[in-house]
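Q: According to numbering that gives the first Met the number 0, the stretch in the sequence shown is residues 0 to 494, in order.
Backbone N, C-alpha and C define an ideal beta-carbon position, used for all residues, glycine too.
The model shown is predicted, which means the values in this text are computed figures rather than measured ones.
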Amino acid sequence: MSTAPTPTHFAAASDTDLTTEDGVIVVFLDGEGALGPAASTLDAACGGALGRALAAPDFKAKPGVVGRFDYPTGLIARKLVLASLGDKPDRATARKTGAAIAGQIAKSDAVIVADGPGDAQITAEMVWATTLKLYEFKEYKSPPKEEDSPKTTSITVVSEAPEALAAASADFAALAEGVFFTRDLVNEPANRLTTDEFAARLAAMQELGLEVEILGEPELAEMGARALLGVGQGSDNESKLVVMKWMGGGDGDAPLALVGKGVIFDTGGISLKPAGGMEDMTMDMGGAGVVSGVMRTLALRRAKLNVVGVVGLVENMPDARAQRPGDIVKSMKGTTIEIINTDAEGRLVLADALWYAQQTFKPSAVIDLATLTGAIIVALSKTRAGYFCNNDDFAAELEAACKATGDQAWRMPLGKEFHDQIKSRLADIKNTGGRDGGACTAAAFLEVFIEEDMPWIHLDIAGATMAKGGNELSPKGATGWGVAALDALIKTREG
Ligand code: BES
Ligand code: MN
Ligand code: ZN
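(1) So, are the CB atoms of A483 and L49 less than 8 Å apart?
(2) Taking 8 Å as the cut-off, decide whether the C-beta atoms of M243 and V211 are in contact.
(3) Would a C-beta distance cut-off of 8 Å place V112 and A167 closer than the cut-off?
(4) Do G481 and L445 come within 8 Å of each other at the CB atom, strictly closer than that value?
(5) In this structure, does DSSP put T181 in helix, strand or coil?
(6) Less than 8 Å between the beta carbons of F179 and Y134, yes or no?
(7) Given a cut-off of 8 Å, decide if L255 and A364 are closer than it, judged by their beta-carbon atoms.
(8) For F27 and A33, I'd like the C-alpha separation in whole angstroms.
(9) Check whether the Cβ of T296 lies closer than 7 Å to any heavy atom of ligand 3, and answer yes or no.
(10) Just to check, is the beta-carbon of N315 closer than 7 Å to a non-hydrogen atom of ligand 2?
(11) Relative to the C-alpha of I366, which candidate in I421, V258, D265, A438 has its C-alpha closest?
(12) Quick one: Cα of L164 to Cα of D89, how far?
(13) Would you mind stating whether T266 and M282 have Cβ atoms separated by less than 8 Å?
(14) When the Cα atoms are used, what is the spatial distance from V377 to E159?
(15) With a 10 Å radius around its C-beta and 16 neighbouring C-beta atoms as the bar for buried, classify R424 as buried or exposed.
(16) How big is the Cα-Cα spacing for T155 and A54?
(17) Let me know the secondary structure DSSP gives M465 once reduced to three states.
(18) Ligand 2 heavy atoms versus the CB of E344: any closer than 7 Å?
(19) Hey, would you say the C-beta of V262 is under 7 Å away from at least one heavy atom of ligand 3?
(20) Do three or more CB pairs link the region 93 to 101 to the region 72 to 82 at distances below 8 Å?
(21) I'd like to confirm the pairing. Which residues does DSSP put opposite K260 in its beta bridges?
(22) Can you find the residues in the same chain that come closer than 8 Å, C-beta to C-beta, to V23, ignoring five residues on each side of it along the sequence?
(23) Cβ atoms of K260 and G311: under 8 Å apart, would you say?
(24) Taking the beta carbon of D232 as the centre, do at least 16 other beta carbons fall within 10 Å, making it buried, or is it exposed?
(25) Check whether the region 387 to 400 touches the region 415 to 435, counting contact only when three or more Cβ pairs, one atom from each stretch, lie closer than 8 Å.
(26) Any idea what DSSP makes of N186, helix, strand or coil?
(27) Within the present structure, is the beta-carbon of T440 separated from the nearest heavy atom of ligand 3 by less than 7 Å?
(28) Would you call N315 buried or exposed, if buried means 16 or more other Cβ atoms sit within 10 Å of its Cβ?
(29) Is the beta carbon of G46 less than 8 Å from the beta carbon of T72?
(30) Can you list, in chain order, the residues of its chain whose CB lies under 8 Å from that of G405, leaving out five sequence neighbours each side?
(31) Give the straight-line distance between the Cα atoms of D495 and G476, rounded to the nearest whole angstrom.
(32) May I ask you to list the residues that DSSP assigns as paired with L371?
(33) Nearer than 7 Å: is that true of the beta carbon of T194 relative to any heavy atom of ligand 3?
(34) Would you say T431 touches ligand 1, meaning its beta carbon is less than 7 Å from a heavy atom?
(35) Determine the DSSP secondary structure at I121, reduced to helix, strand or coil.
(36) Could you pull the DSSP bridge partners for E337 from this structure?
Below you can see the structure in the form of structure tokens.
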């Protein structure tokens, strides 16, 4: 039901006889580009094949996989892989090398001998990247015969200091679990991941020590969350707001609030989307997916900070009861909204989810994530998320977290001109601002529901949530973009 990262074990170099290993063995060059200790030992065992490869005129010791030797003579291993981390590996190099290793060890047990350059942190991040790249969502594939479909069943990392490496790897393991949780949610189709099922998966995280509260339609109606409820009123799936709390910080410390758009399927509603590509709208709960994955990571690594995650789960369907263009709804805040286009639904869900989070938890800062606009893809393509922020210090925090983890984001503008575009003739505001600056007018809409002086970041992840052809750390499909960056931002706040 959920995809688990490949189990990873740590073993001492002195306890490991590489000549009797039967899976794939990965060994490293040293910082000077010569064979590392394990590579030298195995080179001798297999008659100098590695050394000859190094001496070839076209050999380059750049970071990544630099050699592969199938069924090497003198060893039991089915493949010997030579990898390099360059001379002084940084985090990006560690991830790049880890991902390249994944391509070589898929479908087999693997032993990675971590005796190249780089400390325990670098090695742990490299192995994390390997794990991330090995993700596969197999839920709806009929089980093939075991022998037809071998997969990586375990990774053993061999090191001189296995305890230190295991310690450095613990938080990365929690992060891998969070990323996998997010990817599974995003990859699930909407007939399976209903709002009920989504809420149930979040409720199950109470086992990890999270407090989880589920508000259904009666509670939301009572609170006046008409903007959110309007989006879901054409669906048979009940609209919900789910709150996840991780209170690992000081008693009474204001929490950081993470708020996510969880549209389990976006048909556009009465402003129906065209058929071509509509199936991709199963990912329109990507923001809620990231919030959920981060909360899971925080619980697994027992983070020392108070964080609340709030996700609005709805389905946007056309129906006799569905919201119409021209309808006017009153949000929980009291702001009235004219619906121009029922396909601009994410901002309606977030309006109430953001307001609820601020009123209920009095957070120190708010970050929302949403697959909000096609316009952000037009602006930035799909490798970077777009972010909007009303506080330069907070923006710098996000920039640092993105830089450290490789989750890329680009700052976009807030401004009065975008508010002018969403003025309504009949209500306080309207839910679209025309074609110009579509991602910016969506952000301006959300800004209406942010309290004065509240540090706030809005992340539009419409492009970054899925990678049709895969990316550095993920196979085709859901990427889990943002789980690592937000976890890093939170870690920095833990001190
Ligand atoms: N969920 C979509 C945005 C989206 C587009 C996400 C492509 C992922 C990939 C959102 O609800 C939407 O439909 N936005 C409209 C807004 C418009 C009607 C103002 C859009 O971007 O076209
Ligand atoms: Mn839409
Ligand atoms: Zn949407």
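A: Checking against the coordinates, here is how it stands:
(1) no
(2) yes
(3) no
(4) no
(5) helix
(6) yes
(7) yes
(8) 9 Å
(9) no
(10) yes
(11) V258
(12) 17 Å
(13) no
(14) 49 Å
(15) exposed
(16) 29 Å
(17) strand
(18) yes
(19) yes
(20) yes
(21) G311
(22) A76, R77, K78, L79, V80, Q103, I104, S107, D108, A109, V110
(23) yes
(24) In the sequence under discussion, the amino acid at residue 232 is Gln, which differs from the Asp named in the question. Classification of Q232: buried, given that the 10 Å Cβ count is 16 or more.
(25) no
(26) helix
(27) no
(28) buried
(29) yes
(30) R90, A91, R94, E471, L472, A483
(31) Limits of the chain in this structure are 0 at one end and 494 at the other, which puts residue 495 out of reach.
(32) Beta-bridge pairing links L371 to no other residue.
(33) no
(34) yes
(35) helix
(36) I327, K429
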